[in-house]
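So the sequence shown is numbered by this note's numbering: it starts at 3 and just counts up by one. Where a beta carbon is used, it is the ideal one built from N, C-alpha and C, also for glycine. Shown next, in structure tokens, is the structure this report addresses.
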Amino acid sequence: LAMSWIDYRYSTSGSEFISWGVEGVCWEYNENGEKRVSDFLCKNPTYNYTMLLLIYCMNTLCDPGLDLNYVHYCYDGGDIVIEAYDYLETRNYDGAFEYPTAISFDLEQITKISKYSSDVLTYISEKFLAFVDGSTPMSEWDDYVDNFESVGLYDLLAVYQEAYDDYMAENA
């Protein structure tokens, strides 16, 4: 049963459903026949847009499936984010900043990664898109960045840096 559910989520119809949610609740067609997220999601007075996407659509932190990323920006003014994605996809990237896949972690490093990564991912997923959709003003950006220390981002980066340095020392 679990594998059937996962298979569905990776299918075209399953990906569409888990990314967009239920028509009339999470999205509706606009006057041009384009899907747009509903006011319930993007203008909710109680919860921010990002949190409602996590609840009513695909929870990218833990749910397997194909997430249609552009869905998250199908609101008035969100087209600029989609245009930025399209622009970046056309750029020639040489891979200079890719983390080597051959790096391995020891048990202590794995423990630290497990300890910090869920808090960091939760913090980003709950806060970042709120700047994009305007529910959090850009005047709070510095506070957002400053709070990364409290959720363990720099501890997590230190673990990855240590493993990278060890890898480079062995393979240089």
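Check, Outcome
"Contiguous alpha helix (DSSP H) assignments of at least 4 residues, all confined to the stretch 106–149", "109–134 and 143–148"
"Expected contact under 8 angstroms - CB spacing of Val153 and Val122 to nearest Å", "5 angstroms"
"Proximity winner among Asn94, Cys28 and Asn32, relative to His74 (alpha-carbon distances)", "Cys28"
"Extent of the continuous beta strand (DSSP E) run through Tyr31", "Trp29 to Tyr31"
"8 angstroms Cβ cutoff, Glu128 in contact with chain D", "In the structure shown, chain D does not exist; there is a single protein chain."
"For Val24, three-class secondary structure by DSSP", "coil"
"Cys44 to Asn34 span [Cα, whole Å]", "19 angstroms"
"Length of the line joining the Cα atoms of Ser116 and Glu18", "31 angstroms"
"Own chain partners of Lys37 with C-beta closer than 7 angstroms, once the 5 adjacent residues on each side are dropped", "Trp22, Trp29, Tyr31 and Cys76"
"Stretch pair the stretch 134–145 + the stretch 46–61: three plus CB contacts closer than 8 angstroms", "yes"
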